[in-house]
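S.K.: Protein chains in written order, with the numbering used here: chain A, 1 to 134; chain B, 1001 to 1549; chain C, 2001 to 2206.
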Amino acid sequence: MSKRAPDVAVLTANRLHDGIVVFLSANGRWVESIEAAAVARSPDEVRCLEEQGARDSAANLVVEPYLAEVGEAGGRLIPRRTRERVRVEGPSILDDVPGYVPAGEAGVRPLVSNVRVPHNAGGEGSDPVSVEAA
Amino acid sequence: MYRYDEFDATFVRQRVAQFRDQVARRVSGELNEDEFKPLRLRNGVYLQLHAYMLRIAVPYGTLSSRQMRKLAHIARVYDRGYGHFTTRQNLQFNWPRLSDIPDILDELADVEMHAIQTSGNCIRNVTADHFAGATADEVADPRPYAEIIRQWSSLHPEFSFLPRKFKVAVIASEHDRAAMKLHDIGLHLKRLDGGGLGFAVWVGGGMGRTPLIAKLIRDDLPEEDLLTYLEAILRIYNLHGRRDNIYKARIKILVDALGIEAVAAQVEEEWLRIRDGALKLPEAEIRRIETYFAPPAFDERPPKAAVRAPVSHDGRAFDRWVARNTHAHKQPGYAIVTISLKPIGGIPGDASAEQMDAIADLAERYSFDEVRVTHEQNLVLPHVRLGDLREVYRALKAIGLAEANAGLVTDIIACPGLDYCALANARSIPIAQRISERLAARQDQIGDLKIKISGCINACGHHHVGHIGILGVEKRGEEHYQLLLGGSGAEDAALGAISGPGFGPDGIVDAVEKVVERYLELRAGPDEPFLAAYARLGDAPFKEALYAA
Amino acid sequence: MPLDEGVRPLAPSLSVDLRRPGEGSDPFPQQAPGEPEPDGPIWRGSAFHTDAWARPADGELLPDSPVILSKARWLAERDGLAGRNAPLGLQIEPGEAIDDLAADLGRFALIALSFPKFADGRAFSTARLLRDKHGFTGELRAVGAVLSDQIPYMRRVGFDTYAVTHGPTRRALVEGRIAEVTLHYQPSTADEPPAGTRPWHRRSGE
């Protein structure tokens, strides 16, 4: 993690119930696509993101929120560090993984994307709810 | 192999129920992440970059076909269609949902499996020689003792919050196929002077930030004293291991700091106090556990004539595979088969659900229902009749796992690295893939050469003991790689030495090739493997190849 | 007994073991100072109690009532405390030796072992040595970071009482919701009857 607050950053975390990488969007929801992430461009905005992350972490929606420095190129957000690039794009080697079946096509259980809906995670299976537009 | 009785079965069910409760309390917020993390680790649940990861215990690397099929099923239904076999003989799934994990654990309990203590500061999966029970060069099968240690260490009330993780390996041969000397405790089963079985006990090995080779703490421990001695070691470690710095918390640091004699003296004192207590192993009990590992009903008829001359166009490929991927079995007429999970350019140690199912079928049909996981991320069919080798080869070819490269330069060990792991500094898998592609054409010519790649200093890829080791680091925000030479995890245990300045992702592949080419130039002949040539030549010629302008 | 293919192995219909730690396993009966008290800090048996013990700082005057001393204070004032009537207690921090106190242990009605962080498991071994090696029969109390999931282990290594401040742990104790694995693969200090086919090894929590 950067030792100083990044200049241009998004807040990223892992969703608690399934571990999937998510980003905090401008409307306070956690989304799976970095393109919908809220971008902080000033220390105040950075602090605002961090505070929301801390609140949502305490509310057991996400785990380990942190600021990821991003650059902007061609209208797209590009994380600066390899680590975040890998988080955004997925493992770089998925094309070579034997038998890999992407999310949503796997087996029986549909993935749930919207963490804000109260959710029974006691092992009885996810209730599929409206999928957040990525 | 060991079969659960009612006690074992109830134990894992209760554990699943306990974890289900802990997950519910986490989701409800009764437990925060700091409180939940050690609990989930002790059930094998990590948080990786993209998802959780579930590490399933494969005790001493032994699986039945039924268990392998269940792993394939879990991959299909709960994960993304594949699993990864690890350097501790375990299996990892990379995409489980936390909310599903209690159900996954219940499914594992159905086939006598679990994820207990595969992470966390506790005693981890006990590993063993993957040729145990099949190789001619063992004194006896080490796995009964591994099973006894597994039980004793499961949810041990005193040793569940150790300073750091604790890894135990058991071997029974002069050939160390389990990297025993790189473990916190290594046990070498042998015949003692009186004729009974016992152990040479090694302590304080480990890789990571401070790699160290284990030291002999006791040369002649009778088998009945196994658990009392281990309990004494663990008690001394639990009390005196450092807790101020996670990089200085393993028992290897304590042994290094106090000296092996001082540690041995403390252990002996405690051991003598408890030696005759409740943990003294009754001989009848050891023998009883051994019956679970009794040899299968081998076909005692004289073996058929040597494998027939090849009739198909891939006959040479089959011969190469037999020469490279089979190992002599103690029973005439049989062979130990290594299934390489390192297809050229592929991902080391990964297997699809379909491949797992196919291997389960092979195990059931051709290997007395048993398959092993090696610490070098391959699989083993331990008991295959010579006459069945051709059919096994054909079946492996059909699933893309017939590469004849066991122990060759393309049989690379690589940790998941930055593609998966939150601890990593650099990716390791793509490096392995590219080295494999670069050198595949010459792999037979190159001969035995173990390359091991870790994506960070935690050394899950065992890079310290690769003949060629690669360590991924982060340099100015970019992935960078150090090269090490001359390590070994076998009975000639040695730590690799850093060659010099590191390399970028392209440079490291070139660097490995240069080292290999220099070896080919300078070796005494095709019968001098890389490690021997390195010992003879020293690192100077290799450094020159790497760094001379 | 080998499991049959496809048969779900027997298990008690237990999803969560509802047994309270300490219940039915009090091998060290003693005077129970303090009344049951819902807000009391000390869990003993099946209830919270007030704490009858004070823990004055090392320099403070000692009242004429049960007090817990640090090891340093005990060593410094040992002789002067010879005539003391009120019960004495000792608190040991992780990393402090107890072997040098072996001869004195009989003076203490209570020994408190500290878990400064829940990950610091040294007191588990200290507890076992106090019971098994030194034969301590007084009250053994866990203090510090005492949480639900450690309490079953604490009981098994010989603790009798627990100073619990963590809210959810207190509620779980009162409601009897500590989920525990009641079958044990190894003998330990608490009074556990041998279980099943391997009495030398296996224990039952029942």
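A virtual CB, placed ideally from N, CA and C, is assigned to each residue, including glycine. It should be emphasised that the depicted structure is a prediction, and the values quoted were computed from it without experimental measurement.
By DSSP's criteria, Gln2091 (chain C) is part of a beta bridge. Which residues make up the other side?
M.R.: C:Ser2070, C:Ala2112, per the DSSP bridge assignment.
S.K.: To the nearest angstrom, how far is it from the Cα of Leu1258 (chain B) to the Cα of Ile1233 (chain B)?
M.R.: Spanning the two alpha carbons is a distance of roughly 14 Å.
S.K.: Please look up how many angstroms separate the CB atoms of Leu2140 (chain C) and Gly2158 (chain C), rounded, as I've assumed it's under 8 Å.
M.R.: About 5 Å separates the two Cβ atoms, so the contact holds.
S.K.: Run through DSSP, which three-state label would Leu1063 (chain B) get?
M.R.: Three-state result, Leu1063 (chain B): strand.
S.K.: Opposite Thr2161 (chain C) in the DSSP bridges: which residues?
M.R.: In DSSP, Thr2161 (chain C) forms a bridge with C:Arg2044, C:Arg2141.
S.K.: Which residues share a DSSP beta bridge with Gly1198 (chain B)?
M.R.: According to DSSP, which records beta bridges pairwise, Gly1198 (chain B) is partnered with B:Lys1190, B:Pro1222.
S.K.: Any beta-carbon of chain B closer than 8 Å to the one on Ala2179 (chain C)?
M.R.: Interface residue, yes.
S.K.: Just the C-alpha distance for Glu1290 (chain B) and Ser25 (chain A), rounded to the nearest angstrom, thanks.
M.R.: Cα to Cα, the separation comes out at about 59 Å.
S.K.: Any C-beta of chain C sitting closer than 8 Å to the C-beta of His1156 (chain B)?
M.R.: With 8 Å as the cut-off, His1156 (chain B) counts as an interface residue toward chain C.
S.K.: Would you please state the rounded distance, in angstroms, between the beta carbons of Ile1453 (chain B) and Ile1412 (chain B)? I believe it to be under 8 Å.
M.R.: Confirmed, about 6 Å.
S.K.: In the DSSP assignment, what residue or residues form a beta bridge with Gly71 (chain A)?
M.R.: In DSSP, Gly71 (chain A) forms a bridge with A:Ile78.
S.K.: Where Leu1071 (chain B) and Tyr100 (chain A) are concerned, what is the direct C-alpha to C-alpha distance, given to the nearest angstrom?
M.R.: Cα to Cα, Leu1071 (chain B) sits roughly 15 Å from Tyr100 (chain A).
S.K.: Please decide whether Thr12 (chain A) counts as near chain D, where near means a Cβ-Cβ distance under 8 Å.
M.R.: Absent from the structure: chain D. Protein chains present are A, B and C.
S.K.: Of all the beta strand (DSSP E) runs that stay within the bounds of the segment 1072 to 1133 of chain B, which reach a length of 3 or more residues?
M.R.: Counting only runs of 3 or more, we get 1082 to 1085, 1091 to 1093.
S.K.: Alpha carbon to alpha carbon, what distance is there between Arg85 (chain A) and Gly28 (chain A)?
M.R.: If you take the alpha carbons of Gly28 (chain A) and Arg85 (chain A), they lie about 22 Å apart.
S.K.: Going by DSSP, which residues form a beta bridge with Arg2203 (chain C)?
M.R.: C:His2184, C:Pro2194.
S.K.: From the DSSP output, in three-state form, read off His1467 (chain B) for me.
M.R.: Correct three-state label for His1467 (chain B): coil.
S.K.: What are the uninterrupted segments assigned as alpha helix (DSSP H) that are 4 or more residues long and contained completely in the segment 5 to 65 of chain A, given in chain order?
M.R.: If we require 4 residues or more, the alpha helix (DSSP H) runs fully inside the segment 5 to 65 of chain A come out as 43 to 58.
S.K.: Count the other CB atoms within 10 Å of the CB of Ser1499 (chain B); is the residue buried (16 or more) or exposed (fewer)?
M.R.: Classification for Ser1499 (chain B): buried.
S.K.: Work out the CA separation of Met1356 (chain B) and Arg1069 (chain B) for me, nearest whole Å.
M.R.: The alpha-carbon atoms of Arg1069 (chain B) and Met1356 (chain B) are separated by roughly 7 Å.
S.K.: List the residues of chain B whose Cβ lies closer than 8 Å to the Cβ of Arg81 (chain A), in chain order.
M.R.: Simply Gly1477.
S.K.: Restricting to Cα atoms, I'd like to know which of B:Glu1285, B:Pro1343, B:Leu1386 is closest to Gln1331 (chain B).
M.R.: With distances taken between Cα atoms, Gln1331 (chain B) lies closest to B:Leu1386.
S.K.: Ala1404 (chain B) and Arg1320 (chain B) look like a contact to me (Cβ under 8 Å); what is the Cβ gap, rounded to whole Å?
M.R.: Sure, about 4 Å apart at Cβ, within 8 Å.
S.K.: Can you tell me whether Gly2135 (chain C) is buried or exposed, with buried defined as 16 or more other CB within 10 angstroms of its CB?
M.R.: With fewer than 16 other Cβ atoms within 10 Å, it is exposed.
S.K.: Measuring straight from C-alpha to C-alpha, what distance separates Arg1434 (chain B) and Gln1089 (chain B)?
M.R.: Near 25 Å, if we compare the C-alpha coordinates of Gln1089 (chain B) and Arg1434 (chain B).
S.K.: Going straight from the alpha carbon of Leu1423 (chain B) to that of Glu1517 (chain B), what length do you get?
M.R.: C-alpha separation (whole angstroms): 33 Å.
S.K.: Pull the bridge partners of Leu1484 (chain B) from the DSSP assignment, please.
M.R.: Per DSSP, B:Gly1469, B:Ile1498.
S.K.: Please confirm whether Ser970 (chain B) and Gly1081 (chain B) have their CB atoms less than 8 Å apart.
M.R.: Any property of residue 970 (chain B) remains undetermined from this structure, which presents chain B solely from 1001 to 1549.
S.K.: Counting contacts by CB-CB distance shorter than 8 Å, is Ile1347 (chain B) in contact with chain A?
M.R.: Ile1347 (chain B) counts as touching chain A.
S.K.: Any C-beta of chain B sitting closer than 8 Å to the C-beta of Pro2063 (chain C)?
M.R.: No, Pro2063 (chain C) does not count as interfacial toward chain B.
S.K.: Comparing C-alpha positions only, which one of C:Ser2114, C:Phe2115, C:Lys2117, C:Ile2092 sits nearest to Leu2105 (chain C)?
M.R.: That would be C:Ile2092, whose Cα lies nearest to the Cα of Leu2105 (chain C).
S.K.: Using a Cβ-Cβ distance under 8 Å, would Ser33 (chain A) count as near chain B?
M.R.: No, no contact with chain B.
S.K.: Could you pull out every residue in the same chain whose Cβ sits closer than 7 Å to the Cβ of Ala1363 (chain B), ignoring the five residues on either side in sequence?
M.R.: Here the set comprises Ser1065, Met1068, Asp1369, Glu1370, Val1371, Leu1381.
S.K.: Residues in the segment 1192 to 1203 of chain B with C-beta within 9 Å of chain A's C-beta atoms, listed in sequence order?
M.R.: Within the segment 1192 to 1203 of chain B, no residue qualifies.
S.K.: State yes or no: is the beta carbon of Phe2124 (chain C) nearer than 8 Å to at least one beta carbon in chain B?
M.R.: Closer than 8 Å to some Cβ of chain B, the Cβ of Phe2124 (chain C) qualifies, so yes.
S.K.: On the CB-based measure, 16 or more other CB atoms within 10 Å of its CB, does Ala1535 (chain B) come out buried or exposed?
M.R.: Classification of Ala1535 (chain B): exposed, given that the 10 Å Cβ count is below 16.
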